[in-house]
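Heads up: the structure comes next, in structure tokens.
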């Protein structure tokens with residue numbers, strides 16, 4: 055997401071935080087840290103919108119009197135991190151109270167797989183909500199001889215920054231197409247850096263996971279003609295059968311300038327917390343997430359992206375739902 059869209063969100067957070075010193079002495083403040091992604095990416099904008107939507111400093115007017123519809127006494131703060139994996143580790147070390155992470159990373163952490171295999175299963179991980187979907191993008195030059203994912207053998211491919219979690223999912227996708235990490239020359243670059251490297255002919259392809267349109271891909275398509283690789287039917291079916299959080303999707307023609315439709319896969323961003331988080335607090339946070347201006351604020355600053363309705367935000371597979379969140383979903387009639 056362009057940095058120019060962030061100030062509206064940040065201004066709201068600064069306004070909320072500026073009020074905290076006047077109320078800190080009464081002991082009624084609760085701070086709630088939400089891990090996100092780099093400030094230039096959608097994950098940070100999503101966390102900032104949530105923070106503004108669920109916060110309600112002591113002394114503010116209630117929702118039905120024209121005030122904010124957040125949780126009374128709560129100050130939520132979005133914290134920028136490199137990505138989903140770092141967010142989980144920051145939660146494990148107590149640096150974060152919750153985090154926005156991709157569903158595949160939440161699944162791996164819960165089961166102790168991938169980057170969490172040495173720490174073991176994080177069986178106390180719980181989900182508050184399913185949020186903005188992210189799509190897999192594999193971009194190449196339009197005149198490249200790379201026509202399918204299998205053609206990446208021997209090529210130079212960026213699979214995302216270390217700590218972002220994209221690498222792990224990328225290796226799964228490659229494996230479904232008969233490729234191992236040793237079959238390629240892998241680089242670990244942030245989206246903007248990877249795009250610049252492709253333009254400079256220092257890479258043959260870039261792989262990204264993000265909510266379309268990803269700003270780095272949009273910028274790339276404005277600099278050079280590109281194509282997005284299709285995932286063939288059989289590997290896509292394998293992914294969906296093995297991972298309950300993955301689904302098929304298309305990136306429509308015109309999403310990026312001059313780029314045709316691509317058949318790919320998607321998954322949701324999930325808002326996760328520990329099981330030990332207070333039931334009443336998470337119930338109230340979940341209510342505020344869906345009843346406040348969070349969705350409107352996010353869409354206003356990110357008009358190209360999706361924010362699910364309440365019925366689509368209920369977590370349904372992979373990692374258990376926090377009891378407090380489930381209490382709200384049941385009361386709202388969208389879960390049993």
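Residue numbers (my numbering): 55 to 390. We put the CB at the ideal spot given by N, CA and C, even for glycine.
Check: Span of the alpha helix (DSSP H) holding residue 176?
Finding: That residue, residue 176, is in no alpha helix (DSSP H); it is neither H nor E in DSSP.
Margin query: Given this structure, state the Cα-to-Cα distance separating residue 97 from residue 153, to the nearest angstrom.
Written below: So the alpha carbons of these two residues sit roughly 10 Å apart.
Note to self: Given this structure, state the Cα-to-Cα distance separating residue 313 from residue 280, to the nearest angstrom.
What the structure shows: Across the structure, residue 313 and residue 280 are spaced so that their CA atoms are roughly 7 Å apart.
Note to self: On the CB-based measure, 16 or more other CB atoms within 10 Å of its CB, does residue 306 come out buried or exposed?
What the structure shows: Residue 306 should be labelled exposed.
Note to self: Is residue 320 a contact residue of the ligand COA, with contact defined as CB to any heavy atom under 7 Å?
What the structure shows: Because no ligand of any kind appears in the structure shown, any question about the ligand COA cannot be addressed here.
Next item on the list: Output yes or no for whether 8 Å exceeds the beta carbon distance between residue 160 and residue 372.
Entry: Contact flag set, yes.
Note to self: So for residue 168, helix, strand or coil by DSSP?
What the structure shows: The three-state secondary structure of residue 168, taken from DSSP, is helix.
Notebook entry, point to check: What is the residue span of the beta strand (DSSP E) that residue 286 lies within?
Noted result: For residue 286, no beta strand (DSSP E) run applies, since DSSP gives it neither H nor E.
Next item on the list: Answer with buried or exposed for residue 85, where buried requires no fewer than 16 other C-beta atoms within 10 angstroms of its C-beta.
Entry: By the 10 Å Cβ count, residue 85 comes out exposed.
Notebook entry, point to check: What three-state label does DSSP hand residue 198 in the structure shown?
Noted result: Coil.
Next item on the list: Count the other CB atoms, across all protein chains shown, that sit within 10 Å of the CB of residue 79; report buried if there are 16 or more and exposed otherwise.
Entry: Bear in mind that a pLDDT of 37 at residue 79, under 50, signals an unreliable position, so the number given afterwards is only what the model happens to contain. Exposed, since its Cβ has fewer than 16 Cβ neighbours within 10 Å.
Margin query: Between 315, 124 and 240, which has its C-alpha nearest residue 347's C-alpha?
Written below: That would be 124, whose Cα lies nearest to the Cα of residue 347.
Checklist line | Residue ranges of each alpha helix (DSSP H) within the stretch 234-320, 4 or longer | finding: Under the rule that a run must span 4 or more residues, the alpha helix (DSSP H) segments found entirely inside the stretch 234-320 read 245-253, 269-277 and 287-296.
Check: Measuring CB to CB, does residue 342 end up less than 8 Å from residue 108?
Finding: With contacts defined by Cβ atoms closer than 8 Å, residue 342 and residue 108 form a contacting pair.
Check: Do the stretch 334-341 and the stretch 215-230 make contact, defined as three or more Cβ pairs closer than 8 Å?
Finding: Three or more beta-carbon pairs separated by less than 8 Å are not found between the stretch 334-341 and the stretch 215-230, which leaves the two stretches without contact.
Next item on the list: Report the partner residues of residue 191 according to the DSSP bridge assignment.
Entry: Residue pairing by DSSP places residue 191 opposite 262 in a beta bridge.
Next item on the list: Throw me the rounded Cβ distance for the residue 169 and residue 136 pair, which I believe falls under 8 Å.
Entry: Actually they are not in contact, since the Cβ atoms of residue 169 and residue 136 sit about 12 Å apart, beyond 8 Å.
Notebook entry, point to check: Does DSSP put residue 211 in a helix, in a strand, or in coil?
Noted result: In this structure, residue 211 counts as strand in the three-state DSSP scheme.
Check: Which residue from 112, 202, 293 and 235 puts its Cα closest to that of residue 212?
Finding: Nearest of 112, 202, 293 and 235 to residue 212, Cα basis: 235.
Notebook entry, point to check: Using CA coordinates, which residue listed in 389, 267, 377 and 390 is at the minimum distance from residue 335?
Noted result: Among 389, 267, 377 and 390, the Cα nearest to that of residue 335 belongs to 377.
Note to self: For residue 75 and residue 105, what's the separation of their Cα atoms in angstroms?
What the structure shows: Residue placement at residue 75 cannot be trusted, given a pLDDT of 34 that sits under 50; the coordinates are not used to answer.
Next item on the list: Could you please give the first and the last residue of the uninterrupted beta strand (DSSP E) stretch that includes residue 386?
Entry: Membership of residue 386 in any beta strand (DSSP E) is not indicated, and neither H nor E is assigned to it by DSSP.
Check: Taking the C-alpha atoms as reference points, what is the distance between residue 190 and residue 386?
Finding: Rounded to whole angstroms, residue 190 to residue 386 spans 32 Å at the Cα level.
Next item on the list: Please classify residue 84: does DSSP put it in a helix, a strand, or coil?
Entry: Assigned with DSSP and collapsed to three states, residue 84 falls in strand.
Next item on the list: Less than 8 Å between the CB atoms is what I'm expecting for residue 99 and residue 356, so what's the real figure, rounded?
Entry: With a beta-carbon spacing of about 6 Å, residue 99 and residue 356 fall inside the 8 Å limit used to define contacts.
Margin query: Can you tell me where the alpha helix (DSSP H) holding residue 349 begins and where it ends?
Written below: First-last of the alpha helix (DSSP H) with residue 349: 348-355.
Notebook entry, point to check: Helix, strand or coil: how does DSSP classify residue 93 here?
Noted result: Residue 93: coil per DSSP, three-state reduction.
Next item on the list: My understanding is that residue 180 touches residue 374, with C-beta atoms under 8 Å, so please give their C-beta distance in whole angstroms.
Entry: The pair is a contact, with the Cβ atoms about 6 Å apart (cut-off 8 Å).
Next item on the list: Work out the CA separation of residue 114 and residue 291 for me, nearest whole Å.
Entry: Between residue 291 and residue 114, the C-alpha separation is close to 50 Å.
Note to self: So for residue 221, helix, strand or coil by DSSP?
What the structure shows: Assigned with DSSP and collapsed to three states, residue 221 falls in helix.
Next item on the list: Count the other CB atoms, across all protein chains shown, that sit within 10 Å of the CB of residue 358; report buried if there are 16 or more and exposed otherwise.
Entry: In this structure residue 358 is exposed. Its beta-carbon is surrounded by fewer than 16 other beta-carbon atoms within 10 angstroms.
Note to self: Can you tell me which residues form a DSSP beta bridge with residue 369?
What the structure shows: Under DSSP, residue 369 shares a beta bridge with no residue.
Margin query: Within 10 Å of its beta-carbon, does residue 39 have 16 or more other beta-carbons around it, so buried, or fewer, so exposed?
Written below: Here the chain comprises residues numbered 55 to 390, so residue 39 is not present and cannot be evaluated.
Notebook entry, point to check: Straight-line CA distance for residue 193 to residue 267?
Noted result: Those two C-alpha atoms are separated by around 13 Å.
Check: When the Cα atoms are used, what is the spatial distance from residue 263 to residue 187?
Finding: About 10 Å.
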